[in-house]
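Colleague: Chain order of the listed sequences is A and L. By our numbering, the letter at position 67 of the first sequence is numbered 67, and the numbering carries on one by one without gaps. By our numbering, the letter at position 79 of the second sequence is numbered 196, and the numbering carries on one by one without gaps. Just so it is clear, CB atoms sit at the ideal spot from N, CA and C, and this is done for glycine as well. Here the structure is a predicted model, which means the values were calculated and not measured. Next up is a structure, given as structure tokens.
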Amino acid sequence: GAVVSQHPSRVICKSGTSVKIECRSLDFQATTMFWYRQFPKQSLMLMATSNEGSKATYEQGVEKDKFLINHASLTLSTLTVTSAHPEDSSFYICSARTSGGGGETQYFGPGTRLLVL
Amino acid sequence: GNSVTQMEGPVTLSEEAFLTINCTYTATGYPSLFWYVQYPGEGLQLLLKATKADDKGSNKGFEATYRKETTSFHLEKGSVQVSDSAVYFCALAGGTSYGKLTFGQGTILTVHP
């Protein structure tokens, strides 16, 4: 149980285009989903916290107009990188938190590698 | 605020060697502690967790004990395998940032045959 999927797993796009990444909890309802960014050989940096049906809460220094987050249902959150530039190239990872027992446990998706040319 | 400090890597071991990766934390209140593992090209997987002082989390031969007196959560395994090669992250949730995970910097482990 507690499986989280991400799509796509890898995407290459041209500078200036927008890219949407989906995060789904497959076998549980996730009231809260988190989006992280990971640079090579570094730890995860929390970008934003997404609660179903409400606006995402962004961490300091993260541009909310550039990284649009939508959490429309209890099983789906999307991250859209708008007008992507090469410096946005990174590994983006989502996680979902169960709403029941053990609620502090987050389950992570496999990640999406974005390369902006 | 919360913070997690991990032993710097990389750590290189021979198969069947004993593994310790140190982790210490700073938090107010009573956080939950976690170890996550990331295999090459993949996302993070929960390895084990402990939610209160003196709890021992264990999974796949790995163990870590929540030590409140030393604010530590060291990861150990008695005999590592090549398949254990990965990046290991210590993390905490709770304290002043309920629900958000604070990660350590990660420790790269390479196990040679």
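Using beta carbons (cut-off 8 Å, strictly below), is Pro8 (chain A) in contact with chain L?
Modeller: Output row for Pro8 (chain A): interface = no.
Colleague: In terms of DSSP beta bridges, what is Glu159 (chain L) paired with?
Modeller: None; Glu159 (chain L) has no bridge partner.
Colleague: Using 8 Å for Cβ pairs, my map puts Lys169 (chain L) next to Tyr183 (chain L). What's the rounded Cβ distance?
Modeller: The pair is a contact, with the Cβ atoms about 7 Å apart (cut-off 8 Å).
Colleague: How would you write the range of the beta strand (DSSP E) that Thr10 (chain A) sits in, first residue to last?
Modeller: Looking at the sequence itself, residue 10 (chain A) is Arg, so the reference to Thr does not match. Arg10 (chain A) -> beta strand (DSSP E) spans Arg10 to Cys13.
Colleague: Taking only three categories from DSSP, how would you classify Val197 (chain L)?
Modeller: The answer is coil: DSSP assigns Val197 (chain L) none of H, G, I, E or B.
Colleague: Could you tell me how far apart the beta carbons of Leu192 (chain L) and Tyr205 (chain L) are, in whole angstroms, since I believe they sit closer than 8 Å?
Modeller: That pair is a contact at about 6 Å.
Colleague: How many angstroms separate the CA atom of Glu59 (chain A) from the CA atom of Met45 (chain A)?
Modeller: Spanning the two alpha carbons is a distance of roughly 9 Å.
Colleague: To the nearest angstrom, report how far apart Glu63 (chain A) and Glu133 (chain L) are at their CA atoms.
Modeller: Looking at the two C-alpha atoms, the distance is approximately 47 Å.
Colleague: List, in chain order, every chain L residue whose beta-carbon is nearer than 7 Å to that of Gly109 (chain A).
Modeller: Ordered by position in chain L, the residues that pass the 7 Å Cβ test against Gly109 (chain A) are Gly160.
Colleague: Can you round the beta-carbon distance between Ala96 (chain A) and Ser25 (chain A) to whole angstroms, since I take them to be within the 8 Å contact cut?
Modeller: Indeed they touch by this definition, with Cβ atoms about 4 Å apart.
Colleague: Compute the distance between the beta-carbons of Ala167 (chain L) and Phe135 (chain L), then report whether it is under 8 Å.
Modeller: Their beta carbons are not under 8 Å apart, which means Ala167 (chain L) does not touch Phe135 (chain L) by this criterion.
Colleague: Taking the Cβ atom as the reference point for each residue, do Leu163 (chain L) and Thr105 (chain A) lie within a distance shorter than 8 Å?
Modeller: Yes, these two residues count as a Cβ contact at 8 Å.
Colleague: For the stretch 25-46 of chain A, which residues have a beta carbon sitting closer than 8 Å to at least one beta carbon of chain L?
Modeller: Answer in chain order: Thr32, Phe34, Lys41, Gln42, Ser43, Leu44 and Leu46.
Colleague: From Thr80 (chain A) to Asp171 (chain L), what does the alpha carbon distance come to, in whole angstroms?
Modeller: Going by the C-alpha atoms only, they are around 42 Å apart.
Colleague: Just checking: is the beta-carbon of Leu163 (chain L) within a distance shorter than 8 Å of some beta-carbon in chain A?
Modeller: It does; some Cβ of chain A falls within 8 Å.
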